[in-house]
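Numbering (the working numbering), first residue to last: 8 to 387.
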């Protein structure tokens, strides 16, 4: 069985890249699949997560990102040329290598995948909701032009995925939305990447958050929430792990609110397990999500969660506040109350942590990968 995965880059330490890497390693190791990964924007950066030695990687280095910041006309012309080149390379590869299944992670290839004539079965594995393009644009500036552009881009995404053989989404909520426009939708959860019996003692006076430092992850909102509870919990600290374009903005916010003794931007860590085990509460402050891998990792180490109830993701892990506390999306006061509730009550913290660990077993790698194997086999 020959598979080709398409992803912009493997250099990021994100959840999508991590679960993709582990998924591919599993398909090679357990099922013996012949897998190639093709990237468009690696640009010489190292691959962040370890891949099975049998996995082949092709870096095209088309560099779509280099056109950000150009005027719209120049950007459109440049992107059109790159897409034409990308399509030609991909069509030639699919035919010459007799690829059985091609799986897109929702990159630039979606602009043309639905148009190509090929015997290869095409899957789009979408790690975000249907309105991702709209959310991406309006998270930065919610003006009417960007809102309208976002709506248009959402309609494009629907058109681009309707003719594919399968569209795989990560949550039941996403499936319900997509089924209104598409008849090719499957739902498969992400799996827990950690396979450990270790659990946090939930005694360290430490709250943790992990993710890219950008508009989506909402760490600005988390810092605002911490300002409301920091003084009454002076012995507790908030550690935020990640890197991104909002590094300076968040640092300035921490300084302006005089939270330098309690809130820390820690950069990227390769030892997520160690950091989660040394924490007592995990917070997800995202404005929007797909199915956050870091939530699964957190519950696998028995951490209770406080999360914004954004459109998709958190509510499919936290049910009736069993393993954490869901609060209204982007409500800073309620986020602060949720964090404070777990800080002040160790017994509740440990009750929810116990449920979290038990719940993580539902998302085991073996269960989820069996679903992927059956889906792939059904297409060929």
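In this text, a Cβ means the ideal position worked out from N, Cα and C, and glycines have one as well. Just so it is clear, the structure is predicted and the values come from calculations on it, not from any experiment.
Pair within 8 angstroms by beta-carbon distance, residue i and residue j
i	j	result
residue 186	residue 287	no
residue 205	residue 284	yes
residue 261	residue 275	no
residue 167	residue 118	yes
residue 322	residue 333	yes
residue 221	residue 251	yes
residue 315	residue 349	no
residue 125	residue 101	yes
residue 383	residue 108	yes
residue 215	residue 175	no
residue 330	residue 359	yes
residue 128	residue 172	yes
residue 42	residue 34	yes
residue 96	residue 67	yes
residue 56	residue 8	no
residue 225	residue 293	yes
residue 258	residue 272	yes
residue 379	residue 30	yes
residue 132	residue 112	yes
residue 157	residue 141	yes
residue 312	residue 364	no
residue 18	residue 54	yes
residue 308	residue 207	yes
residue 403	residue 295	Limits of the chain in this structure are 8 at one end and 387 at the other, which puts residue 403 out of reach.
Paired residues, beta bridge with residue i - DSSP
i	result
residue 248	217, 274
residue 361	In the DSSP output, where bridge partners are listed per residue, residue 361 has none listed.
residue 111	13, 131
residue 291	314
residue 309	DSSP output for residue 309 lists no bridge partner at all.
residue 44	12, 64
residue 334	315
CB contact below 8 angstroms: residue i versus chain B
i	result
residue 205	Annotation note: the requested chain B is absent from the structure, which comprises a single protein chain.
Buried/exposed call for residue i, threshold 16 Cβ in 10 Å
i	result
residue 65	exposed
residue 159	exposed
residue 450	What is shown of the chain runs 8 to 387, which leaves residue 450 out entirely.
residue 151	exposed
residue 181	buried
residue 268	exposed
residue 103	exposed
residue 219	buried
residue 177	buried
residue 84	exposed
residue 281	exposed
residue 356	buried
residue 265	exposed
residue 11	buried
Residue i CB to nearest heavy atom of the ligand GTP below 7 angstroms
i	result
residue 14	With respect to the ligand GTP, the structure shown offers nothing to examine, as it has no ligands at all.
Problem set entry | Completely contained alpha helix (DSSP H) runs for the stretch 173–231, where each covers 4 or more residues | You should have 179–185.
Exercise. Counting Cβ pairs closer than 8 angstroms, one from the stretch 185–205 and one from the stretch 288–308, do we hit at least three?
Worked result: Counting Cβ pairs under 8 angstroms, three or more are found: they touch.
For this session: Decide yes or no for the touch test of the stretch 43–55 against the stretch 63–71: beta carbon pairs closer than 8 angstroms, at least 3 of them.
Result: Yes, the stretch 43–55 touches the stretch 63–71.
For this session: Could you say if the stretch 230–237 and the stretch 321–340 meet the contact criterion of at least three C-beta pairs nearer than 8 angstroms?
Result: These segments touch.
Problem set entry | Cβ pair count under 8 angstroms reaching 3, the stretch 235–248 against the stretch 372–383 | Contact between the stretch 235–248 and the stretch 372–383 is absent, because fewer than three Cβ pairs lie under 8 angstroms.
For this session: Can you check the stretch 49–96 for any beta strand (DSSP E) of at least 3 residues that lies completely inside it and give the ranges in chain order?
Result: Within the stretch 49–96, the complete beta strand (DSSP E) segments of 3 residues or longer fall at 63–66, listed in chain order.
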